[in-house]
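Chemist: The C-terminal residue of the sequence shown carries number 238 in my numbering, and the numbering is unbroken. Below is a structure I'd like to ask you about.
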Amino acid sequence: AGSPAGARPLVGRQVVITAGGTREPLDPVRFLGNKSSGKQGVALAESALAAGAEVTFIHGHMDVPAPAGVKAQSIETALELRSATLAAAATADVVIMAAAVADFRPATISTGKIKKRDDVADPVIKLVRNPDILVEIVAHRAAQNRAQLIVGFAAETGDSESDALSYAQAKLQRKGCDLLVVNEVGPGESGTEKVFGQDGNRVEILALDGAGTVQAAGSKREVADAVVRVIAGRLGSP
Ligand code: CTP
Ligand code: CA
């Protein structure tokens with residue numbers, strides 16, 4: 001802090017940020033989507049830009065525009081997000097997966113608009129699983145044996161079996177990313193409404209290597225600044 005390098009710790013760094021929600025088509029006019037607003041991803045991009053990074057911003061549907069100053073790429077489906085992200089990640093110093101990725105997509109996409117008909121049964125939508133992009137990025141890094149910081153995001157709720165943070169720890173181990181930014185959605189708060197589309201936020205940043213958990217609260221930009229600080233601290237000087 002104070003020196004130009006301290007104020008802009010990501011100068012010379014390539015950062016890939018995914019944001020917004022994917023949409024999985026059912027037919028030419030319909031899709032399965034989610035409530036992601038894209039705001040946290042935009043805040044992360046602004047924060048990374050302010051820190052001097054070169055930002056590739058790969059985004060699905062968002063309620064807000066992509067920020068100025070990024071290299072923006074728009075995608076619809078999880079499979080499109082996957083190819084764009086894997087390509088961009090090949091040369092990136094940091095990959096931040098803030099996008100809300102559909103876990104499943106319709107097994108088939110109807111070429112014509114699905115119609116209601118009185119002479120046949122109502123349709124049942126069969127879903128197939130999408131690839132886990134975060135896990136693939138981690139695998140690619142391992143295969144290339146190169147330095148790259150990989151950051152995941154998760155919104156977790158607790159239940160009768162375990163609390164939100166234990167679920168988050170298990171997810172961090174499963175994914176193998178370096179950091180997992182966890183939005184803890186407490187009991188009594190109405191799940192998705194608490195996180196999606198809101199301007200405020202409270203997160204814990206968990207580290208795979210066991211480094212202490214960092215807590216951050218405030219606007220999405222303040223949370224983003226905290227995430228970028230942790231990232232910059234881990235990267236050190238270029
Ligand atoms: N993610 C991904 N590819 C997917 C699903 C999720 O890259 N197909 C990423 C998200 O962008 C996020 C992280 O994985 O950074 C955690 O997403 P989350 O939905 O919490 O994890 P899942 O493994 O899908 O677990 P869950 O069953 O709880 O949804
Ligand atoms: Ca999921």
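By construction, the Cβ of each residue, glycine as well, lies at the ideal position given by its N, Cα and C atoms. For clarity, every value in this text was computed on a predicted model and none was experimentally measured.
Verify whether the separation of the beta carbon atoms of valine 70 and threonine 56 is less than 8 Å.
Modeler: Yes. Within cutoff.
Chemist: If you reduce the DSSP assignment to three classes, tell me which class arginine 146 lands in.
Modeler: Arginine 146 falls in the coil class under three-state DSSP.
Chemist: Using the three-state DSSP reduction, which class does valine 135 fall into: helix, strand or coil?
Modeler: Helix at valine 135.
Chemist: With C-beta atoms as the reference, is alanine 48 less than 8 Å away from leucine 79?
Modeler: Going by C-beta atoms, alanine 48 is not nearer than 8 Å to leucine 79.
Chemist: Which residue from Ala50, Leu26, Ala142, Ile125 puts its Cα closest to that of glycine 176?
Modeler: Among Ala50, Leu26, Ala142, Ile125, the Cα nearest to that of glycine 176 is on Ala142.
Chemist: Throw me the rounded Cβ distance for the aspartate 103 and arginine 129 pair, which I believe falls under 8 Å.
Modeler: So it is a contact: roughly 7 Å between Cβ atoms.
Chemist: Just tell me which of Pro131, Leu86, Pro28 has its CA closest to the CA of threonine 18.
Modeler: Closest by alpha carbon: Leu86.
Chemist: Only counting the same chain, and skipping five residues up and downstream in sequence, which positions put a Cβ closer than 8 Å to that of aspartate 63?
Modeler: Closer than 8 Å at Cβ, skipping near neighbours: Ser37, Gly38, Lys39, Gly197.
Chemist: Take the Cβ of alanine 121 as the centre, count every other Cβ of all protein chains shown within 10 Å, and call the residue buried at 16 or more, exposed below.
Modeler: With fewer than 16 other Cβ atoms within 10 Å, it is exposed.
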